[in-house]
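**Q** Residue numbers (the working numbering): -3 to 166.
Here it is, the structure, as structure tokens.
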């Protein structure tokens, strides 16, 4: 029996590209929390976040053969998720604030209320950039690649977004 838990991410990606379901499952297990946090901050509702993550993971599984660079798996799956989140935001019109419906445990998981409120004042691009940076740990050039923006534009939008959040939190 193969020990998937001790495998490097690169080996798992190679196995998953060859159709190894267990390897893909291990990749998913390693990245799920980051995907969910990103999705929850973008969509503001736990069920929508779960749905977006599920749809993104299914799409990633079905299309893993099209992954060009194995080392960019994380940015690739986050790009798929960001596209799912954008679609959900467009479909719902993102007009409702569903924070009040969110159970206390989910609110704690999503982060402090004040930070969440500050995050919600950002426009869609700013939220995506901050979320990629905070939850994915991505640099400006990687975020630029995922969002089809110049890295300098990403840096300036991130700086403006963080300044907006800072003003709300003070």
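Here a beta-carbon is modelled for each residue, glycine too, at the ideal position from N, C-alpha and C.
Computed from a predicted structure; not experimentally measured.
For residue 137, which residues of its own chain have a beta-carbon under 6 Å away from its beta-carbon, when the five flanking residues on both sides are left out?
**A** 147.
**Q** Please confirm whether residue 13 and residue 60 have their CB atoms less than 7 Å apart.
**A** Closer than 7 Å, so yes.
**Q** Report buried or exposed for residue 6, applying the criterion of at least 16 other Cβ atoms within 10 angstroms of its Cβ.
**A** When all chains shown are included, residue 6 counts as exposed.
**Q** Could you give the first and the last residue of the continuous alpha helix (DSSP H) run that contains residue -2?
**A** Residue -2 -> no alpha helix (DSSP H), and no H or E assigned at all.
**Q** By DSSP, does residue 145 sit in helix, in strand, or in coil?
**A** Residue 145: coil per DSSP, three-state reduction.
**Q** Regarding residue 164 and the ligand SAM, is the C-beta to nearest heavy atom distance less than 6 Å?
**A** Questions concerning the ligand SAM fall outside what the structure shown contains, since it holds no ligand whatsoever.
**Q** If you count every other CB in all the chains shown that lies within 10 Å of the CB of residue 50, and 16 or more means buried, which is it?
**A** Flag for residue 50 reads exposed.
**Q** Residue 44: buried (16+ other C-beta within 10 angstroms of its C-beta) or exposed?
**A** Residue 44 should be labelled buried.
**Q** On a Cα-Cα basis, can you pick out the residue from 84, 124, 64 that is closest to residue 41?
**A** It is 84.
**Q** If we call anything under 7 Å between Cβ atoms a contact, is residue 52 one with residue 77?
**A** Yes, the Cβ-Cβ distance between residue 52 and residue 77 is below 7 Å.
**Q** Could you have a look at residue 117 and say whether DSSP puts it in helix, strand or coil?
**A** In the structure shown, residue 117 sits in coil (DSSP, three-state: anything other than H, G, I, E or B).
**Q** Nearest-angstrom Cα distance between residue 2 and residue 27?
**A** Looking at the two C-alpha atoms, the distance is approximately 15 Å.
**Q** State the DSSP-derived secondary structure class of residue 123, mapped to helix, strand or coil.
**A** Of the three classes helix, strand and coil, the one that applies to residue 123 here is helix, per DSSP.
**Q** Answer yes if the region 29 to 38 comes into contact with the region 118 to 129, meaning at least three C-beta pairs across the two stretches below 8 Å, and no otherwise.
**A** Yes, since at least three Cβ pairs between the region 118 to 129 and the region 29 to 38 fall closer than 8 Å, the two stretches touch.
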